[in-house]
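Asker: Mind having a look at this structure? Questions to follow.
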Amino acid sequence: MIKLGIIGTNWITQQFVEAAQATKQYQLTTVYSRHQDTATQFAEKNGATATFDDLNAFFSSDQFNTVYIASPNSLHFEQAKQAIAHHKNLIVEKPAFMNQKQMAEIQRLLDQNPDVMYFEAARNIHTPNFHAIAKQLGELKTVSGAEFTYSKYSSRYDKVLAGEVPNVFSPKFGGGALQDLGVYTVYDAVTLFGMPEEVAYFPQLIRTGVDGKGTAVLSYPEYTVTLNFSKISNSHMTSEIYGLKDLIEIDDGGEIQHVNYVDADGQRHVLGEDDGTNPMIPEAQDFARVINDPENPQNQKDYAYWRQLSVYVNKILFNLRQDAHIFFVGEGEKVIGDQRD
Numbered sequence: 001m002i003k004l005g006i007i008g009t010n011w012i013t014q015q016f017v018e019a020a021q022a023t024k025q026y027q028l029t030t031v032y033s034r035h036q037d038t039a040t041q042f043a044e045k046n047g048a049t050a051t052f053d054d055l056n057a058f059f060s061s062d063q064f065n066t067v068y069i070a071s072p073n074s075l076h077f078e079q080a081k082q083a084i085a086h087h088k089n090l091i092v093e094k095p096a097f098m099n100q101k102q103m104a105e106i107q108r109l110l111d112q113n114p115d116v117m118y119f120e121a122a123r124n125i126h127t128p129n130f131h132a133i134a135k136q137l138g139e140l141k142t143v144s145g146a147e148f149t150y151s152k153y154s155s156r157y158d159k160v161l162a163g164e165v166p167n168v169f170s171p172k173f174g175g176g177a178l179q180d181l182g183v184y185t186v187y188d189a190v191t192l193f194g195m196p197e198e199v200a201y202f203p204q205l206i207r208t209g210v211d212g213k214g215t216a217v218l219s220y221p222e223y224t225v226t227l228n229f230s231k232i233s234n235s236h237m238t239s240e241i242y243g244l245k246d247l248i249e250i251d252d253g254g255e256i257q258h259v260n261y262v263d264a265d266g267q268r269h270v271l272g273e274d275d276g277t278n279p280m281i282p283e284a285q286d287f288a289r290v291i292n293d294p295e296n297p298q299n300q301k302d303y304a305y306w307r308q309l310s311v312y313v314n315k316i317l318f319n320l321r322q323d324a325h326i327f328f329v330g331e332g333e334k335v336i337g338d339q340r341d
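Under the UniProt record's numbering, the first residue of the sequence shown carries the number 1, and numbering increases by one thereafter.
See the structure below:
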């Protein structure tokens, strides 16, 4: 049984805890929040026995061996370093880290501490529907491009319109559409098509200084992949992967609840549908499988692949921001190298 500690008590943490418990592979034991009352309430609701409002004391606890980090984006890096220093496996909510320097440092620390495992919680690529997409993609005779859309109006944007700066729209905390919903679409592209040769980002900036929505273009040798995402508007636009006369049709690039193959005659063939369960269960199952049996050759292969994907996605996100001149507090880096490195 994986002893789980959590940082953050928001809705996504609740969803992950419920998913983890549904797998019967995890036991939530420990909760950290900046506010003791919040930690206590979350712990009582979910069966945890230990609570902390001091991060150093939290990581020093021997009551958990794996931590799920769902704090604001800009805090992930330092908290991940603490986790590794205390030999805790870490599951970091996407986007794991802000830039390539942070990612490189985490990779260095992981190499120095091989007993620690790191996972980025990009739930979409672990779902059965995503695997169905990948399988059908392999059967297309020709791939001529793709478009992935994931747009959901954020209730926090109401606060922006009222003059506030919530964390998800703050450059101090690494906010914006690309760093949230956009991450799912980047994972879609990189997992299915690999690293692009070039990237470009066309954002719609809001008054807080981050992107409320945007369009990213990833260039591959024979086609382009377009990513559309927004936290300030809704969209029901279908995501698609294009063959020649056929295509793969996806409801959106994030939830991936309905997937069809549309053949050359226009006939739809169902590849996958929403089963109504918690969408984070597949990733929780995958992470538990690897943590519980790290010597299994297939688990080692999967772990190495997910870790490399995380590095690639981090690089693309960073270079997209650089292309659009979107900088977070304390940043001033330049684009680093060819996308395919």
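Cβ atoms here follow ideal geometry from the backbone N, Cα and C, with glycine treated the same way.
From residue 289 to residue 299, what distance separates their C-alpha atoms?
Answerer: Cα to Cα, residue 289 sits roughly 7 Å from residue 299.
Asker: Ignoring anything shorter than 3 residues, give me the beta strand (DSSP E) runs that lie fully in the segment 82-167, in order along the chain.
Answerer: Correct list: 89-93, 118-121, 145-151.
Asker: My output table needs one value for residue 344: the three-state DSSP class, helix, strand or coil.
Answerer: Beyond the ends of the chain as shown, which are 1 and 341, falls residue 344; an answer cannot be given.
Asker: Starting from the C-beta of residue 63, find all residues in its chain whose C-beta is less than 8 Å away, skip the five residues before and the five after it, and write them out in chain order.
Answerer: Excluding sequence neighbours, residue 63 sits near 3, 5, 29, 30, 49, 50.
Asker: Work out the CA separation of residue 233 and residue 90 for me, nearest whole Å.
Answerer: About 33 Å.
Asker: How would you label residue 292, buried or exposed, when you count the other beta carbons within 10 angstroms and need 16 or more for buried?
Answerer: So residue 292 ends up on the exposed side.
Asker: In three-state DSSP terms, what is residue 213?
Answerer: Residue 213: strand per DSSP, three-state reduction.
Asker: Looking only at its chain, what residues have a beta carbon closer than 8 Å to the beta carbon of residue 268, apart from the 5 residues adjacent to it on each side?
Answerer: For residue 268, where only same-chain residues beyond five positions count, the Cβ hits under 8 Å are 249, 260, 261, 262.
Asker: Using CA atoms only, rank isn't needed, just tell me which of 145, 168, 37, 146 is closest to residue 155.
Answerer: Measuring from the Cα of residue 155, the nearest candidate turns out to be 168.
Asker: For residue 173, which residues of its own chain have a beta-carbon under 7 Å away from its beta-carbon, when the five flanking residues on both sides are left out?
Answerer: Around residue 173: 72, 73, 74, 167.
Asker: Which two residues bound the contiguous beta strand (DSSP E) that contains residue 27?
Answerer: Residues 26-32.
Asker: Counting along the chain, where does the alpha helix (DSSP H) carrying residue 182 start and finish?
Answerer: Where residue 182 is concerned, the enclosing alpha helix (DSSP H) stretches over 181-193.
Asker: Let me check one thing: in DSSP terms, what residues is residue 198 bridge-paired to?
Answerer: Residue 198 is bridged to 219.
Asker: Could you tell me the alpha carbon to alpha carbon distance between residue 324 and residue 179, rounded to whole angstroms?
Answerer: Distance between the alpha carbons of residue 324 and residue 179: 13 Å.
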